[in-house]
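Presented below is the structure to which this report refers.
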Amino acid sequence: TAAGLRILQQGGNAFDAAIAAAAVIAVVEPNSNHVGGDAFALCHPAGAPTPVAVNASGPAPAEDRPERHSQGIPAHGLESATVPGAVSAWETVLARFGTMRLADALAPAIDYAEAGFPVDYALAAALHEMREVLARFPASAAIFLPGGEPLRRGQLLAQPDLAATLRAIAADGAGAFYRGGFADALARAAQSDGGAFVREDLAGYACEVVAPVRTFYRGWEILEQPLPSQGFVVLEALNIVEGFELEQLEFGSAQLLHVLLEAKKLAFADRHAFMGDPRFVRAPVAQVLTKEFAAQRRMALDPARASREQSRGDPSNIGTDTTAITVADAHGNAIAFIQSVFRSFGSGYVVPGTGVLLNNRRTGFALDPRSPNVLAGGKRTVHTLNTYMVLREGRPALLGSSPGGHYQVQANLQIITNLLDFGMHVQEAIDAPRWYHDEETGRVVLESRFDPAVGGVLRSRGHEVRWDAPWCGHARAQAIAFDTDSETLFGATDPRWHGQVLGF
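With the numbering used here applied, the sequence shown covers 6 to 509.
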C-alpha cells in the first residue's frame with residue numbers, strides 16, 4: 006500500500022500505483038500471491054466510455070490431458086501449476102493505461118526482494134503450516150526454510166534470485182519472463198522434476214483485455230470479470246434477489262440470509278453446469294445474466310425451505326489465498342486488481358534459479374469429461390478471482406474485491422447488497438457480519454456476531470449451520486466508494502485481515 010501511495014505522490018496515476026503495489030505484495034506476501042501467480046483487473050480510465058477487464062489467468066500446459074492424472078491432479082509441485090499470468094497483466098495495464106515505465110513500477114519490489122523484509126505474524130504462521138510442503142522442493146526450502154526451519158516472525162526474508170528475475174523483467178519487459186530466462190528455467194525444471202511444461206507454453210502467452218460482464222441492479226450498473234472468472238455468479242445472484250424487497254427485511258435476519266443463500270446456491274449450480282474457458286466451451290453467460298433467466302431461477306427458490314442440491318437452470322428457454330489492490334486517483338482513473346497463487350504458497354514449488362513461486366491453479370480443473378471445466382491442454386480453469394465495479398450514470402460509484410477462494414463472490418454479493426439495499430457506508434458494509442456457504446460440506450457458516458436466534462431459524466428451514474469466530478476471515482474485502490457530489494473518495498479495508506487504506 007505504501008509503495009502505491011508513493012507512486013501517486015510522485016505524480017503517477019492509479020494504474021501505475023496498482024502495479025507497483027502488486028509487484029511489492031508479490032514479494033512480501035508469498036503465501037497469497039507471487040510472480041508465478043495469476044491476476045485479473047477491472048480498469049476505468051478517466052473519460053473512457055466504459056471500463057475494461059484484464060484477464061491474466063494462465064492455461065494448462067499444451068500437452069496436459071486428464072489421462073495423465075489417474076490419481077488426481079496433485080495439490081503441489083510442478084504438475085499443479087498453470088502458466089503464470091500476473092507479469093503479463095502488470096505490463097499490459099501500464100502500457101495501456103499507465104504513465105510510468107515498467108522498470109520504475111517494479112523498483113520498490115526489486116528493493117524488497119534484494120534487501121529483504123521482516124516476516125510478519127501472518128507469513129510466519131503460514132510458513133509453519135506449510136513447512137512440510139515447502140521442504141519437498143529444494144529451491145523453496147532454501148528460501149523459506151533456511152537451516153531446515155521456517156522463518157519466524159521478525160526474521161529477514163531476502164529473495165536475491167527473485168530480485169534478478171524482476172530486474173530482467175524491468176529491463177526487457179514481460180518477454181524476458183515468457184520468452185527468456187524464466188521460460189528456459191521452467192522447461193529445465195519440467196525435464197528434471199517431471200512435468201508437462203515446455204518453453205512454448207510460456208512463449209505464446211499474453212493476457213487478454215476484454216469487455217466486462219454486466220447487469221443492472223435496482224438502477225445501478227454492476228460490472229464483473231468475464232469467464233474464465235466466476236464473477237458472473239455475483240451478477241446472477243443479484244438478478245435473482247432483485248425480485249425480493251430486501252430493504253423491507255431486517256438486516257441480519259434469518260429471512261434475508263435465507264434468500265441470499267438460496268440465490269447463491271442457484272448461481273453456483275449454473276456455474277458448475279455451464280461454465281468453462283470460453284475458447285473451449287460455449288458458455289451461455291449472456292443468457293444466464295438476463296432478467297428472464299433470473300425470473301426462471303427465482304421460481305426454484307423456496308422462501309421457506311433450504312435446498313439441499315440445486316439443479317441447473319435452462320438458458321435455452323430464454324428467448325484461502327489471494328491479494329487485492331484497489332486504487333482511484335484525482336483524475337478519475339480507477340482500478341480493482343486481484344492476484345493470487347491460489348492456495349497457501351500455491352504449488353509450493355520455486356523454479357530453481359529464478360526465485361519464482363508457482364501457483365497451483367491447475368487443481369481447479371475437473372477430470373470428469375462431462376464437465377465444461379474438464380482439464381485440456383492450453384485451457385484455462387474457471388477462476389475464483391474476480392473484481393467488481395458499480396457505476397452510476399457511467400461513473401464509478403464503488404469498486405473492490407474480496408480475496409478468499411469461493412468465498413469471494415459470496416462476500417461481494419453481501420457487500421453490494423449492504424450498500425445498495427441497506428444504505429450502509431462502505432466500511433460498514435465490509436464490517437457487517439457475514440455468512441458463507443461451504444461448497445464441499447453444504448454448511449452455512451455464520452460469524453458469531455449474528456443474533457443466535459438466526460441460526461435456530463435457519464436450522465428450522467433445513468440449513469445446516471455452523472458458528473464461527475466473530476471475524477472469521479474467509480474473505481478479506483477491500484473497496485473504494487465515490488461520493489460524486491463532494492468528489493470525495495472513501496477507502497475501506499476488512500478488519501478480518503491486515504489490509505490498509507492510504508490516501509493523500
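No residue lacks a Cβ here, since even glycine has one placed at the ideal position from N, Cα and C. In this text, all values refer to a predicted model and were calculated from it rather than measured experimentally.
Exercise. When DSSP labels each residue in this structure, what does Y222 get in the three-state scheme?
Worked result: strand
Exercise. Where does the unbroken beta strand (DSSP E) through H430 begin, and where does it stop?
Worked result: Element bounds for H430: n/a, residue is neither H nor E.
Exercise. When you compare each of Q483, I485, G508 and G478 to R501 by their alpha carbons, which one comes out closest?
Worked result: G478
For this session: Could you name the residues that DSSP lists as bridge partners for E34?
Result: Note: E34 sits in no beta bridge, so no partner.
Exercise. How long is the line joining the alpha carbons of H32 and V40, rounded to whole angstroms?
Worked result: Per the sequence shown, the amino acid found at residue 32 is Val instead of His. Each residue's Cα considered, the two are about 8 Å apart.
Exercise. Roughly how many whole angstroms lie between the Cα atoms of F202 and Q413?
Worked result: 30 Å
For this session: Please go through the same chain and pick out, in chain order, the residues whose beta-carbon is closer than 7 Å to the beta-carbon of G159, but skip the five residues on each side of it.
Result: P123 and V124
For this session: Kindly indicate which three-state DSSP category A335 falls into: helix, strand or coil?
Result: coil
Exercise. When burial is assigned at 16 or more other CB atoms within 10 Å of the CB, is Q344 buried or exposed?
Worked result: buried
Problem set entry | Helix, strand or coil at P143 [DSSP, three-state] | helix
For this session: Hey, could you find the ends of the beta strand (DSSP E) H566 is sitting in?
Result: In this structure the chain extends from 6 to 509, so residue 566 is not present and cannot be described.
Problem set entry | Start-to-end residues for the beta strand (DSSP E) that takes in I485 | Q483 to D488
Problem set entry | Rounded straight-line distance, which links the Cα of V264 to that of G153 | 50 Å
Exercise. Helix or strand or just coil, what does DSSP make of Y393?
Worked result: strand
Exercise. What residue from L128, F20, G353 and D443 has the CA that sits closest to E469's CA?
Worked result: D443
Problem set entry | According to DSSP, residues forming a beta bridge with D275 | DSSP lists no partner for D275.
Problem set entry | Proximity winner among S312, A129 and F342, relative to S349 (alpha-carbon distances) | A129
Problem set entry | Distance between N417 and L424 (C-alpha atoms, nearest Å) | 11 Å
Exercise. From A371 to T386, what does the alpha carbon distance come to, in whole angstroms?
Worked result: 9 Å
Problem set entry | C-alpha distance - A341 paired with A484, whole-angstrom precision | 8 Å
Exercise. Is S75 buried or exposed, if buried means 16 or more other CB atoms sit within 10 Å of its CB?
Worked result: exposed
Problem set entry | Local conformation of N244 per DSSP, three classes | helix
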